[in-house]
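Q: Before anything else, here's the structure in question.
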Amino acid sequence: MFKSENAFTIIELITVLAILTLMMGLVLINMTGIFNLYSLKTNSFQVLSLLRKVKQLAISRGHNFGLKLISSSEIALYEDIDTEYFQIIKLDSDIMISHSRDSKKTEFYPLGNADAGTIILFNKKGNCYLIIISSTGRIRMIKG
Numbered sequence: 001m002f003k004s005e006n007a008f009t010i011i012e013l014i015t016v017l018a019i020l021t022l023m024m025g026l027v028l029i030n031m032t033g034i035f036n037l038y039s040l041k042t043n044s045f046q047v048l049s050l051l052r053k054v055k056q057l058a059i060s061r062g063h064n065f066g067l068k069l070i071s072s073s074e075i076a077l078y079e080d081i082d083t084e085y086f087q088i089i090k091l092d093s094d095i096m097i098s099h100s101r102d103s104k105k106t107e108f109y110p111l112g113n114a115d116a117g118t119i120i121l122f123n124k125k126g127n128c129y130l131i132i133i134s135s136t137g138r139i140r141m142i143k144g
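Using our numbering, the first residue of the sequence shown is number 1, and each one after it goes up by one.
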């Protein structure tokens with residue numbers, strides 16, 4: 001039989017393929033964590049934007065507007081407390097939301113001030129973002 005000195009053996013090829021497969025598996029596992037964190041961040045910015053929208057509506061229209069949690073993954077916007085919700089937003093399925101207030105709502109008033117409280121968005125991995133609303137109407141977001 002003819003034997004080449006410059007060729008790889010079948011064992012060497014199988015070993016390299018096994019190492020590459022293992023590395024790809026580790027990369028894919030890490031990527032799902034990155035996608036979960038990105039989903040949480042995106043939803044947090046969406047809620048932050050909604051709070052700012054509600055504040056601006058209260059100031060521009062001269063009466064109360066609010067945001068209320070209607071479930072662990074749904075938020076409703078309302079105009080005055082007695083009226084129906086005019087917009088309902090559903091968060092991604094792996095994101096949950098809670099509120100520090102028992103009423104689970106934040107209301108903004110025509111002068112820009114608000115009911116103080118904290119909205120917490122979190123995923124199943126334990127990552128979270130806090131959206132803090134002060135009584136002066138200041139809204140800020142921090143990673144928890």
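Where a beta carbon is used, it is the ideal one built from N, C-alpha and C, also for glycine.
Is the beta carbon of D80 closer than 8 Å to that of H63?
A: Taking the sequence shown and counting its residues from 1, the one referred to as residue 63 is at position 63. Taking the sequence shown and counting its residues from 1, the one referred to as residue 80 is at position 80. Closer than 8 Å, so yes.
Q: Could you name the residues of the same chain whose beta carbon sits closer than 7 Å to that of T136, not counting the 5 residues immediately before and after it, in chain order?
A: Position 136 of the sequence shown holds residue 136. Cβ within range, chain order: N113.
Q: Helix, strand or coil: how does DSSP classify G126 here?
A: As a first step, residue 126 must be located in the sequence shown, where it is residue number 126. Looking at G126 - three-state DSSP - the assignment turns out to be coil, as it is neither helix nor strand.
Q: Taking L91 as the reference, which of G66, T83 and K41 has the closest Cα?
A: Working through the sequence shown from its first residue, we reach residue 91 at position 91. When G66, T83 and K41 are compared, the shortest CA-CA separation from L91 is found for K41.
Q: Hey, quick one: how far does the alpha helix (DSSP H) through A114 stretch, first residue to last?
A: If you number the sequence shown from 1, residue 114 lands on position 114. If you look at A114, you'll find it isn't in any alpha helix (DSSP H); DSSP assigns it neither H nor E.
Q: Start and end of the beta strand (DSSP E) containing E79?
A: Position 79 of the sequence shown, counted from the first residue, corresponds to residue 79. That run of the beta strand (DSSP E) goes E74 to E79.
Q: Quick one: using the 10 Å Cβ neighbour count with 16 as the cut-off for buried, is E107 buried or exposed?
A: Locating residue 107 in the sequence shown gives position 107, counting from the first residue. Buried is the call here.
Q: Pairs of beta-carbons, one from the stretch 118-131 and one from the stretch 31-46, closer than 8 Å: are there three or more?
A: yes
Q: Checking 8 Å against the spacing of the C-beta atoms, do S73 and M141 come in under that value?
A: For the purposes of this step, residue 73 is taken as residue 73 along the sequence shown, with counting starting at 1. For the purposes of this step, residue 141 is taken as residue 141 along the sequence shown, with counting starting at 1. No; because the gap between Cβ atoms is not below 8 Å, this pair is not in contact.
Q: Taking Q87 as the reference, give the member of R101, K68, I95 and K104 with the closest Cα.
A: Taking the first residue of the sequence shown as 1, we reach residue 87 at position 87. Ranking R101, K68, I95 and K104 by Cα distance to Q87 puts K68 first.
Q: Ordered along the chain, which non-local residues of its own chain (more than five positions away) have a Cβ less than 6 Å from that of A76?
A: Numbered from 1 along the sequence shown, position 76 holds the residue referred to as residue 76. Excluding sequence neighbours, A76 sits near K68, I70, Y85 and I88.
Q: So what does DSSP say about K143, is it helix, strand or coil?
A: Position 143 of the sequence shown, counted from the start, is the residue given in the question as residue 143. Of the three classes helix, strand and coil, the one that applies to K143 here is strand, per DSSP.
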